[in-house]
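K.L.:
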Amino acid sequence: DATQEELLLQLEKLNHEIREIGEYLNLEALTTKESLRLGSGLKLELKRSIHELFYQVYTSTLERDDLEYLKTMKVKIRAFDPIDEKYLNLEQRQELCLFLEEALCNVGKHAKGVKRVEATGKENQGWYTLSIKDNGSGISSLTESKGTQLLKNVAKSLGGDFRRDSLFPKGTLCEITWQLTDYKSRRKQ
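Read in the numbering used here, the sequence shown has 87 at position 83, and its numbers run on one by one without any break.
1. Taking residue 123 and residue 136 to be in contact with their CB atoms under 8 Å, please state how far apart those CB atoms are, rounded to whole angstroms.
2. If I follow the unbroken beta strand (DSSP E) through residue 129, where does it start and stop?
3. Run through the DSSP bridge pairs and tell me what residue 37 is partnered with.
4. Mapping DSSP to helix, strand and coil, what is residue 121?
5. Taking DSSP's pairing of strands, which residues face residue 135 in a bridge?
6. Answer yes if the stretch 86-98 comes into contact with the stretch 106-113, meaning at least three C-beta pairs across the two stretches below 8 Å, and no otherwise.
7. So, helix, strand or coil for residue 172, using DSSP?
8. Looking only at DSSP bridge pairs, what is residue 167 linked to?
9. Quick one: measure Cβ to Cβ for residue 164 and residue 55, integer angstroms, because I've assumed they're closer than 8 Å.
10. Counting only the same chain and skipping the five closest in sequence on each side, list residues whose C-beta sits under 6 Å from that of residue 84.
11. For residue 105, which option in 76, 40, 144, 120 has the closest C-alpha, if you only look at C-alpha atoms?
12. In this structure, how does DSSP classify residue 49 when only helix, strand and coil are distinguished?
13. Considering only DSSP beta bridges, list what residue 84 is partnered with.
14. Among residues of its own chain, excluding the 5 on either side of residue 131, which ones have a beta-carbon nearer than 8 Å to its beta-carbon?
15. Exposed or buried, residue 134, counting other C-beta atoms within 10 Å across all chains shown (16 or more means buried)?
16. Use the C-beta contact count for residue 45: other C-beta atoms within 10 angstroms, 16 or more gives buried, fewer gives exposed.
17. Quick check on residue 95: buried or exposed, where buried means 16 or more other Cβ atoms within 10 Å of its Cβ?
18. Using alpha carbons as the reference points, say which of 49, 186, 43, 174 lies closest to residue 71.
19. Taking the beta carbon of residue 172 as the centre, do at least 16 other beta carbons fall within 10 Å, making it buried, or is it exposed?
Structure (structure tokens):
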């Protein structure tokens, strides 16, 4: 009988440990949905306001040492209008932060001779435009990279438009525009 009691105690202990592991995994899953780790290593808390997140992405990406052409940068301009929380869920915030990071990384990887980068987020009559302009060498390849596909996918998931154009006399514009609609009402449709 003593061995049966010992066995029951061990099973209860094991049951408790398994439940603790399950709770830990649930907590980990929750935090990965609510946070985003950038290429710089910075972990963003996605519940913050989107314009604050944009500032964090902008600042930490431009401080990276692994992006060759960001080292020649002289002028850094950024201004992001706030967006009411009802317009973006956590997944959309994450996608927009990744969009901004990817566009800025593209400047760092491809914009030879860049001296100026301008990242802005502007709200205008129910539409929001997030744009990244540089005065680097411009678009040199017509082939589409995985990064460009990511940018297009973000625009598509928001029901918006993506543009990547060469600027005159030099430089590149990377831009996403989408309509600000309550994401909760979008799900019901």
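Using N, Cα and C, we set each Cβ at its ideal position, and we do this for glycine too.
P.N.:
The structure says:
1. Contact flag correct, Cβ pair sits at about 5 Å.
2. Element bounds for residue 129: n/a, residue is neither H nor E.
3. Paired residue(s): none; residue 37 is not in a bridge.
4. Residue state, collapsed to three classes: strand.
5. Beta-bridge partners of residue 135 (DSSP): 124, 179.
6. Touching, no.
7. The answer is coil: DSSP assigns residue 172 none of H, G, I, E or B.
8. The partner list for residue 167 (beta bridge, DSSP) reads 179.
9. Not really, about 18 Å apart at Cβ, beyond 8 Å.
10. 55, 58, 125, listed in sequence order.
11. The closest CA to that of residue 105, considering only 76, 40, 144, 120, is found on 40.
12. DSSP places residue 49 in strand when its eight states are reduced to three.
13. Paired residue(s): 125.
14. If we look at residue 131 and ignore the five residues flanking it on each side, its Cβ neighbours are 181, 182, 183, 184.
15. Buried.
16. By the 10 Å Cβ count, residue 45 comes out exposed.
17. Answer is exposed; the Cβ neighbour count stays below 16.
18. Measuring from the Cα of residue 71, the nearest candidate turns out to be 43.
19. So residue 172 ends up on the exposed side.
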